[in-house]
Amino acid sequence: MLASKAGLSLFLVLACSLAHAADKDDALYASYACQQYALAALKTLGKPRMDATRPAMPANDKRWAGTPDVWLASGALHAQASFGAAMVRSEYQCAVQKTPGAGWKLLELQWPQGRP
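Note that the numbering used here has the sequence shown beginning at 1252, numbered continuously upward.
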């Protein structure tokens, strides 16, 4: 009886740590997907610079209630709007949904300070 309880405890610990690792990976992938969607939405000269990526967070928002695997991310990029202009920092907020397979679907992309 004691051995079976120990085996069950070990199984639960391993399962929880694997689930946590998957969530951590999803947080990074969701953040990267948002970064790529933000870059694709820009019309700039040259290559924008991205600020360090922060992991995304699972959506805890009533807008996405009942929608599985929705992640919210935010970040910033520095882009040049015209030749010779200074680099401008623009922040973005993004919601993405993990799709079956290995993809991410854009649900929302916002520029709180205005689109660059």
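Beta carbons: idealized from backbone N, C-alpha and C, even for Gly.
The model shown is predicted, which means the values in this text are computed figures rather than measured ones.
query, result
"DSSP state of GLN1364 mapped onto helix, strand, coil", "coil"
"Rounded separation between TYR1283 and ALA1337 - CA only", "25 Å"
"Cα-Cα separation, ALA1289 to LYS1275", "21 Å"
"Buried/exposed call for ALA1291, threshold 16 Cβ in 10 Å", "exposed"
"Expected contact under 8 Å - CB spacing of LEU1328 and ALA1346 to nearest Å", "Between ALA1346 and LEU1328 the Cβ distance is about 18 Å, and since that is not below 8 Å, they are no contact."
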